[in-house]
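Working notes, beginning with the structure itself.
Protein chains: 2
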Amino acid sequence: MSKILILGGGGMIGQKLAKRIIETNVMANSELTLFDRAFTSNALVAKTMTGNLANPTTAKTLAASRPEVIFHLAAIVSGQAEAEFNLGWNVNMMAMWHLLNALKVEHEASGCTYRPRLVFTSSIAVFGGPYPEKIGDEFLSAPQTSYGAQKATCELMVNDFSRKGIIDGLSLRLPTICVRPGKANAAASSFFSGIIREPLNGFEAILPVADTVRHWHASPRAAAQFLIHAALLDTKILNGRRALNLPGFSCTVAEQIEALRHAAGQKAVDLIKSVPDETIINMVSGWPRDFQPDRAISLGFEAEKSFNEIIEVYMQDDLST
Amino acid sequence: MSKILILGGGGMIGQKLAKRIIETNVMANSELTLFDRAFTSNALVAKTMTGNLANPTTAKTLAASRPEVIFHLAAIVSGQAEAEFNLGWNVNMMAMWHLLNALKVEHEASGCTYRPRLVFTSSIAVFGGPYPEKIGDEFLSAPQTSYGAQKATCELMVNDFSRKGIIDGLSLRLPTICVRPGKANAAASSFFSGIIREPLNGFEAILPVADTVRHWHASPRAAAQFLIHAALLDTKILNGRRALNLPGFSCTVAEQIEALRHAAGQKAVDLIKSVPDETIINMVSGWPRDFQPDRAISLGFEAEKSFNEIIEVYMQDDLST
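Chains as they are written, first to last, in my numbering: chain A, 1 to 321; chain B, 322 to 642.
And the structure:
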């Protein structure tokens with residue numbers, strides 16, 4: 001019986017991941033615990049724990065249960081981390097610091113036998129422009145948001161604690177996850193989902209940027225599968241570079257809208273209203289647009305190959321009929 | 322009257338920097354304070370303060386004096402950070418965290434007018450192999466030592482606190498500084514200086530690696546000048562990428578030895594004893610060998626153009642006659 005802990009287990013990706021672990025039975029005979037600040041009443045039924053990860057005591061409590069696999073998805077999202085500077089750094093960086101140190105205490109107490117797999121959801125926000133046409137696996141991390149800087153510091157910690165044998169970690173630089181089900185969140189990238197999700201549900205959607213904006217996407221289903229694949233990966237073949245640019249699909253907002261038209265017709269497209277927002281325009285202008293993620297592809301990570309496919313996944317998995 | 326604070330002011334580079342600031346009068350009408358854990362009795366005469374930077378209270382005290390320019394050179398060196406994991410992270414990362422947060426308190430208390438220039442000495446240890454022939458300005462930071470990981474986390478913090486206007490910082494990825502005067506230190510790179518310095522002073526020196534090892538060097542004089550240049554640089558032209566690969570000179574250990582022969586003859590070379598050390602061989606094998614630091618050169622940073630020149634600087638500045 002192995003223990004799996006999902007930090008941020010109440011969030012959208014956390015729930016998708018938990019569901020996929022249970023349904024596919026890919027990690028058989030495992031005991032799943034979801035941790036988050038709070039859970040909604042319709043959250044997936046599994047063992048849940050609530051608390052504040054930025055509190056060192058919380059990290060100690062979680063580590064003391066010695067989970068074999070930890071998925072760390074908990075974060076203050078990009079827009080909020082930009083608006084609330086202290087909160088972003090405390091949750092997005094210091095919580096990782098406390099967690100790693102708590103795991104180190106358990107590692108040492110176990111006579112160095114306890115060495116959990118830690119799968120950390122980093123982000124393409126670790127990159128900042130100017131960019132090459134496609135971002136390769138050796139391109140520098142020069143984030144231009146607090147969220148990106150915080151994710152990048154965590155990658156460095158995960159790598160070094162892993163190199164020292166305290167944990168066996170890796171960091172996944174997730175594409176923007178699209179189409180997110182549910183409500184818009186405070187991520188500045190939220191509109192990339194909103195302009196598809198709201199029209200498919202018959203609601204108006206706001207497009208705050210120009211339709212020429214190009215971005216890098218993968219579905220929630222692909223994200224859940226990335227995480228499971230990472231949990232089962234032989235990390236020796238990473239040769240000490242434990243942060244990975246994941247596969248995704250690159251397209252413009254206009255191409256997203258074309259795919260929406262293909263799926264739901266002009267009446268859906270007509271629900272998108274252009275309302276430029278300078279704050280979002282500025283943030284998005286610094287974001288990556290396209291990647292050449294050769295390493296992750298060679299390691300078996302897979303994403304959708306068209307935006308039509310991304311919309312289909314949403315319609316299959318999340319669109320209430 | 323502007324206040325200049327040198328953290329690590331008792332160290333070799335700190336002393337060189339302080340001396341150069343005073344002698345060249347490049348920062349006229351300034352009041353210089355040197356901070357370190359301790360000072361030797363022959364340390365440069367300037368206002369000194371002692372304390373432990375890893376203690377948040379120390380950072381608060383230092384920030385409260387509102388220095389306009391802060392040089393942050395204080396660090397646990399690479400070999401020690403590798404051997405003493407907790408100490409390395411606490412001093413090399415957490416001290417920066419405490420300092421930046423203390424500066425943020427002063428920034429806010431000043432009505433956002435206090436915004437010090439922070440010049441941070443990072444290191445080429447932020448890089449890890451495999452490398453291209455020459456490391457360019459857009460090559461990823463994937464450190465393979467704790468020291469390198471800690472320096473890289475600090476770069477990210479300096480960048481983000483600067484982006485937010487709390488400080489005006491930049492990070493200098495110093496080449497290995499050679500020839501270091503004085504005694505060998507716990508840096509794994511110490512031998513690069515030792516094999517030149519000891520023979521020039523009539524002593525035996527240990528060479529722990531093969532003479533085919535290629536590495537990236539600049540003199541202590543160049544380092545002091547890098548720091549002053551950084552303190553006076555217009556940071557707007559950095560376009561938000563505030564970590565710089567600095568110029569240096571790339572050569573093999575054999576080429577270093579040739580330069581020693583040129584400067585002091587075969588009798589000096591004969592004092593070098595080859596004693597392979599697996600720990601050092603392993604660490605050094607992961608280090609950078611050569612760079613193409615176009616950005617820093619275009620920004621006016623300058624280093625020596627031969628190892629002969631690097632030895633000459635040592636003989637002029639430090640060799641006791």
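C-beta atoms are modelled at their ideal positions from N, C-alpha and C, and glycine is treated no differently.
Residue-level contact to chain A via CB, residue i, 8 angstroms cutoff
{"i": "Gly329(B)", "result": "no"}
{"i": "Lys588(B)", "result": "no"}
{"i": "Thr600(B)", "result": "no"}
{"i": "Leu420(B)", "result": "no"}
{"i": "Leu620(B)", "result": "no"}
Three-state secondary structure (DSSP) of residue i
{"i": "Val479(B)", "result": "helix"}
{"i": "Asp277(A)", "result": "coil"}
{"i": "Ala81(A)", "result": "helix"}
{"i": "Ala467(B)", "result": "In the sequence under discussion, the amino acid at residue 467(B) is Ser, which differs from the Ala named in the question. Ser467(B) falls in the helix class under three-state DSSP."}
{"i": "Phe127(A)", "result": "coil"}
{"i": "Leu328(B)", "result": "strand"}
{"i": "Arg197(A)", "result": "helix"}
{"i": "Ser351(B)", "result": "strand"}
{"i": "Thr556(B)", "result": "helix"}
{"i": "Arg582(B)", "result": "helix"}
{"i": "Pro502(B)", "result": "coil"}
{"i": "Ser462(B)", "result": "coil"}
{"i": "Phe622(B)", "result": "coil"}
{"i": "Leu17(A)", "result": "helix"}
{"i": "Gly88(A)", "result": "helix"}
{"i": "Thr113(A)", "result": "coil"}
{"i": "Arg484(B)", "result": "helix"}
{"i": "Ile632(B)", "result": "helix"}
{"i": "Thr57(A)", "result": "helix"}
One or two residues paired with residue i in a DSSP bridge
{"i": "Asn245(A)", "result": "Arg173(A)"}
{"i": "Val440(B)", "result": "Phe392(B), Leu491(B)"}
{"i": "Met370(B)", "result": "Phe356(B)"}
{"i": "Ile206(A)", "result": "Lys273(A)"}
{"i": "Ile135(A)", "result": "Phe291(A)"}
{"i": "Cys251(A)", "result": "His215(A)"}
{"i": "Ser323(B)", "result": "Ser351(B)"}
Proximity test, Cβ basis, 8 angstroms: residue i and chain B
{"i": "Leu233(A)", "result": "no"}
{"i": "Leu53(A)", "result": "no"}
{"i": "Gly128(A)", "result": "yes"}
Proximal residues of chain B, C-beta to C-beta of residue i below 7 angstroms
{"i": "Asp160(A)", "result": "Ser467, Ala470"}
{"i": "Ala152(A)", "result": "Leu477"}
{"i": "Lys164(A)", "result": "Phe406"}
{"i": "Glu138(A)", "result": "Phe460, Leu461"}
{"i": "Arg241(A)", "result": "Ala463"}
Interface partners of residue i on chain B, CB under 8 angstroms
{"i": "Ala184(A)", "result": "Residues of chain B passing the Cβ test: none, with the nearest at roughly 25 angstroms."}
{"i": "Leu238(A)", "result": "Under the 8 angstroms cutoff, chain B gives no residues; its nearest Cβ is about 10 angstroms from Leu238(A)."}
{"i": "Pro143(A)", "result": "Leu477, Asn480, Asp481"}
Any non-hydrogen atom of the ligand ATP closer than 7 angstroms to residue i Cβ
{"i": "Ile632(B)", "result": "The ligand ATP is not among the ligands present in this structure, which contains no ligands whatsoever."}
Any C-beta of chain E under 8 angstroms from that of residue i
{"i": "Thr61(A)", "result": "Protein chains A and B are contained in the structure displayed, whereas chain E is not."}
Original post:
Should the segment 531-539 of chain B be regarded as contacting the segment 567-580 of chain B, the criterion being three or more beta carbon pairs within less than 8 angstroms?
Top reply: yes
Original post:
Would you say the segment 40-52 of chain A touches the segment 12-29 of chain A, given that touching needs at least three Cβ pairs under 8 angstroms?
Top reply: yes
Original post:
Are the segment 88-100 of chain A and the segment 141-160 of chain A touching by the rule of at least three beta carbon pairs closer than 8 angstroms?
Top reply: yes
Original post:
Using 8 angstroms as the Cβ pair cut-off and three pairs as the minimum, do the segment 238-246 of chain A and the segment 285-295 of chain A touch?
Top reply: yes
Original post:
Do three or more CB pairs link the segment 489-501 of chain B to the segment 438-447 of chain B at distances below 8 angstroms?
Top reply: yes
Original post:
Three or more C-beta pairs closer than 8 angstroms, one from the segment 254-274 of chain A and one from the segment 102-114 of chain A: is that the case here?
Top reply: no
**OP:** Assess, as a yes-or-no matter, whether the segment 456-468 of chain B is touched by the segment 397-415 of chain B under the definition of 3 or more beta carbon pairs within less than 8 angstroms.
**Re:** yes
Subject >> Three or more C-beta pairs below 8 angstroms linking the segment 226-243 of chain A and the segment 298-311 of chain A >> reply: yes
Subject >> Inter-stretch contact at 8 angstroms, needing at least 3 Cβ pairs: the segment 507-522 of chain B / the segment 478-488 of chain B >> reply: no
Original post:
Should the segment 23-39 of chain A be called in touch with the segment 198-208 of chain A, which here means at least 3 C-beta pairs below 8 angstroms?
Top reply: no
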